[in-house]
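These notes concern the structure reproduced below.
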Amino acid sequence: MSPPLAAERTRTDATADPPAPARDRPRREAPLSWLLLLPSVVVFALFIFWPLARTFYLSTHGNDIFGAPSTYVGLDHYTEMLSGEFGEVLATTALFTLVSVLPAIVGALVVVLLLEARLRGVRVLRTAFALPFAFSVATASVVFAVIYNPAIGIANGLLGAVGIDRVDWLTDPSIALPAVGLATVWMNLGYNVLVLSAGVAAIPPEVVEAARLDGATGWRLATGITIPLLSPQLFFLVVVSTIHALQSFGQIHILTKGGPDDATTTLVYSIYERAFAFGSSDFGGASAQAVVLLAIMLICTAVQFGILERRVHYR
335 MSPPLAAERT
345 RTDATADPPA
355 PARDRPRREA
365 PLSWLLLLPS
375 VVVFALFIFW
385 PLARTFYLST
395 HGNDIFGAPS
405 TYVGLDHYTE
415 MLSGEFGEVL
425 ATTALFTLVS
435 VLPAIVGALV
445 VVLLLEARLR
455 GVRVLRTAFA
465 LPFAFSVATA
475 SVVFAVIYNP
485 AIGIANGLLG
495 AVGIDRVDWL
505 TDPSIALPAV
515 GLATVWMNLG
525 YNVLVLSAGV
535 AAIPPEVVEA
545 ARLDGATGWR
555 LATGITIPLL
565 SPQLFFLVVV
575 STIHALQSFG
585 QIHILTKGGP
595 DDATTTLVYS
605 IYERAFAFGS
615 SDFGGASAQA
625 VVLLAIMLIC
635 TAVQFGILER
645 RVHYR
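For what it's worth, this note's numbering labels the leading residue of the sequence shown as 335, then goes sequentially.
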């Protein structure tokens, strides 16, 4: 067979239709694929899609004294929020998010940069800083309740040792929110340290060594090499920590119960008060607030992806 004829035969074989079993394989495997996805679909439907649809439904309906939906009220619950003290709740939520997210991320970054210095016992220090991640929200909140105790708490004990008057950490409206925020920062610090430590470990050693050979050390090395290469982890922590702060409930409930004078009543805690606290069963109003909370989280996430992700350096 001549070479041109052999080449033509090769091209013809390559463009020929695949065998019948190969064409039918995806069609035969489709039922198996759906069968494998069925457990996940059921879980999502029962615990995400159905509650979400139910929330939208309840937000447009009134309810009786037992919480069962009664009459259709349209957007009345949403207009009621605008005419009430909902603005103060949103401001408290925004302030709590600010004082609990940024310090936790910046503090974890400083800790990780210090731990990357060639210090003795650095592994012990890394474990100590990551330890808060092992505490549950309830446990950590009880610990801080003891720390903030006005009579026997260590916080006032340290202030008294340096001649500063006692502080009412959880009963002063001007201090309660920062105090709860500080407890939240301590709870999140361990997780942030672990994430950033993993990011530092993934930085190629040759990049750091090349920077050191060029004379970059200390702050210059951190700002020019380490922090830019940690931008994916920092972006991840900003998004996740913001969502977590907007959903925070346990530490507020244990430490202040939304007080004093509603100084720590965030949006999540306001939802709890309207739906469950003090025998309340205003599920319609609480559902409307939950829809607003969902919208706020979606908007915050979209803005963060639209603005911050542009500065992320993916290796």
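Yeah, the Cβ is synthetic: ideal placement off N, Cα and C, and Gly gets one too.
- Query: For His395, which residues from the same chain have a beta carbon less than 7 angstroms from its beta carbon, with the 5 sequence-adjacent residues on both sides left out?
  - Reply: Walking along the sequence shown from the start, residue 395 turns up at place 61. So the list reads Pro403, Ser404, Thr405, Tyr406, Val407 and Gly618, once near-sequence residues are dropped.
- Message: Quick check on this structure: which residue in Leu530, Gln585 and Phe463 has the alpha carbon closest to the alpha carbon of Leu516?
- Response: The residue given as residue 516 occupies position 182 in the sequence shown. Nearest of Leu530, Gln585 and Phe463 to Leu516, Cα basis: Gln585.
- Query: Touch check for the segment 433-451 and the segment 482-500: three-plus C-beta pairs under 8 angstroms?
  - Reply: no
- Backbone secondary structure at Pro365 - three-state DSSP: Residue 365 sits at position 31 when you count from the first residue of the sequence shown. Of the three classes helix, strand and coil, the one that applies to Pro365 here is helix, per DSSP.
- Task: Can you check the segment 455-499 for any alpha helix (DSSP H) of at least 4 residues that lies completely inside it and give the ranges in chain order?
- Result: 456-464, 471-481 and 488-495
- Message: Within 10 Å of its beta-carbon, does Val527 have 16 or more other beta-carbons around it, so buried, or fewer, so exposed?
- Response: Position 193 of the sequence shown holds residue 527. Looking at its Cβ environment, which holds 16 or more other Cβ atoms inside 10 Å, Val527 is buried.
- At what residues does the alpha helix (DSSP H) containing Ser565 begin and finish? Here the question's residue 565 lines up with position 231 in the sequence shown. Here the alpha helix (DSSP H) through Ser565 covers Ser565 to Leu580.
- According to the neighbour-count rule (16 or more other Cβ atoms, all chains shown, within 10 Å of its Cβ), is Tyr648 buried or exposed? Counting from one through the sequence shown, the residue named residue 648 turns up at place 314. Looking at its Cβ environment, which holds fewer than 16 other Cβ atoms inside 10 Å, Tyr648 is exposed.
- Would you give the residue range spanned by the beta strand (DSSP E) that Gly396 belongs to? Reading the sequence shown from its first residue, position 62 is the one you call residue 396. That run of the beta strand (DSSP E) goes His395 to Asn397.
- Considering only the beta carbon of each residue, do Thr600 and Phe430 sit closer than 7 angstroms? Position 266 of the sequence shown, counting from 1, holds the residue named residue 600. Position 96 of the sequence shown, counting from 1, holds the residue named residue 430. Contact: yes.
- Message: Do Cys634 and Ser576 count as a contact pair if the criterion is CB distance below 7 angstroms?
- Response: Within the sequence shown, residue 576 is the residue found at index 242, counting from 1. Within the sequence shown, residue 634 is the residue found at index 300, counting from 1. The residue asked about is misnamed: residue 576 is Thr in this sequence, not Ser. Taking 7 angstroms as the Cβ cut-off, Thr576 and Cys634 qualify as a contacting pair.
- Task: Check Pro403 in the structure and name its three-state DSSP category.
- Result: Mapped onto the sequence shown, residue 403 falls at position 69. Reduced to three states, the DSSP call for Pro403 is strand.
- Simplified DSSP state of Val375, which is helix, strand or coil: Taking the first residue of the sequence shown as 1, we reach residue 375 at position 41. If DSSP states are grouped into helix, strand and coil, Val375 belongs with the helices.
- Item | Nearest candidate by alpha-carbon position, reference Val519, set Arg546, Ser434, Arg554 and Val529 | Here residue 519 corresponds to residue number 185 of the sequence shown, with the count starting at 1. It is Ser434.
- Message: Quick test of the definition: if touching needs 3 or more C-beta pairs under 8 angstroms, does the segment 407-427 touch the segment 499-510?
- Response: no
- Query: According to the neighbour-count rule (16 or more other Cβ atoms, all chains shown, within 10 Å of its Cβ), is Tyr391 buried or exposed?
  - Reply: Position 57 of the sequence shown holds residue 391. Label assigned to Tyr391: exposed.
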